[in-house]
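Have a look at the structure below, then the notes.
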Amino acid sequence: MSGTLHSSTTVGVEGRQATAPMKESCEHQAECLKRIQSILDGGATEEEKEHFKQHIDICKPCIDMYHLEKCIKEALQGKVEKKCCPDKIAAAIRSEITK
Amino acid sequence: MTTMPEIMSDTQLQGYTDEQKYQVFNKEFMPHIDSMYNFAFRLTMDEDDANDLVQDTYLKAFRFISSFEQGTNAKAWLFRILKNSFINDYRKKSKEPAKVDYQDVETTYNSDEASETEHTTDLRFETVQDMIGDEVASALNSLPVDFRTVIILCDIEGFTYEEMAKILDIPIGTVRSRLHRARNLLKDKLKEYAASMGYNKNDD
Ligand SMILES: [Zn+2]
């Protein structure tokens, strides 16, 4: 998938054809970014979801922001090592509470 | 029983028998121990401190188990105790250099909407895709602890805004704006990192 978004101006997030001309600049970028984050976090309001649907296929900066935010979130989720609790700590806790 | 700041104050005390206490502890608390350890480690950045913090938290949780209602959100309840223990007991002696004052960062990232948008423009998602976990972790670790915390809770542990608000004792609006600022800062760090590693060259 890498590269496709940069060469095409008609493919939106879901890969469907957009009918309106693609916007090359976004006048509400800071607001859009907040909305995109809420969507990705699963915390968006209905209004935010609706606005996102209307906007995301026609605005190139927003499409780029969406992919970047999604990619960072996935990297944090999937790539950053999750440290496991040493067994001796779990054992120490169990023995401490049964004293 | 005295209340303590780590525990939700609005909960009714549960009348558990000793046997029920162990049951709740083993079934509802212990399964989260790896997540708790990971959180403790990312907060303290030190294995020994993380060990102590997790132990302290679990022992507190057991001591105050009557404040926990069986079947409610044990993970959020535990994370809240851990976060408060960290602030009260560990933050002062934390080995993290106090290089960035939280208020400064808050002010900087609050003040200028225009610079907020500029932050996002030239880090490409392909660059992030190419990075390995350790590089992303270094960028995360370099954030001031309050910003690091919201990213860990949201992106690594998958808590909802509402759960985060409870864990951190802040309104949901503050959760959102702190996350937003944390992510701008993280993108700056990723960009710096990418530049120093030779990623993100102009290849198109
Ligand atoms: Zn836009």
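Chain order of the listed sequences is U and B.
Read in order, the letters of the first sequence are residues 1 to 99 in the working numbering.
Read in order, the letters of the second sequence are residues 100 to 303 in the working numbering.
Beta carbons are placed, not taken as given, at the ideal position from N, Cα and C, and that holds for glycine.
Predicted model, so just to flag it, every value in this text is computed and none were measured.
Proximity of N137 of chain B to chain U, defined by a Cβ-Cβ separation below 7 Å, is satisfied.
Pairing I250 of chain B with R179 of chain B gives a Cβ-Cβ distance that is not under 7 Å. Here L181 of chain B has M135, F138, A139, L152 and T156 as same chain residues with Cβ atoms under 7 Å from its own Cβ, once five neighbours each way along the sequence are excluded.
In the three-state reduction of the DSSP assignment, K23 of chain U falls in the strand class. No Cβ of chain B is located within less than 7 Å of the beta carbon of K23 of chain U.
Against chain U, a Cβ distance below 7 Å from V153 of chain B picks out C85 and I89. Counting only heavy atoms of ligand 1, the residues whose C-beta sits closer than 7 Å to one of them are, along the chain, U:K23, U:C26, U:H28, U:Q29, U:C32, U:H55, U:C59, U:P61 and U:C62. Remark: C-beta atoms of N150 of chain B and I89 of chain U approach each other more closely than 7 Å. In this structure, A238 of chain B places its C-beta atom within 7 Å of the C-beta atom of L285 of chain B. Runs of the alpha helix (DSSP H) lying entirely within the segment 144-201 of chain B, each at least 4 residues long, are 146-162 and 173-184 in chain order. Annotation: I56 of chain U has no Cβ neighbours in chain B at a cutoff of 8 Å; minimum Cβ distance is about 15 Å. Scanning B:T143, B:M129 and B:R190 for the CA closest to the CA of A160 of chain B turns up B:M129. For the C-beta of C71 of chain U, the chain B residues within less than 7 Å are, from N- to C-terminus, F224, V227 and Q228. Of the candidates B:F258, B:R223, B:V227 and B:V274, B:V274 places its Cα closest to the Cα of D245 of chain B. Per DSSP, L112 of chain B is not a residue of any alpha helix (DSSP H), being assigned neither H nor E.
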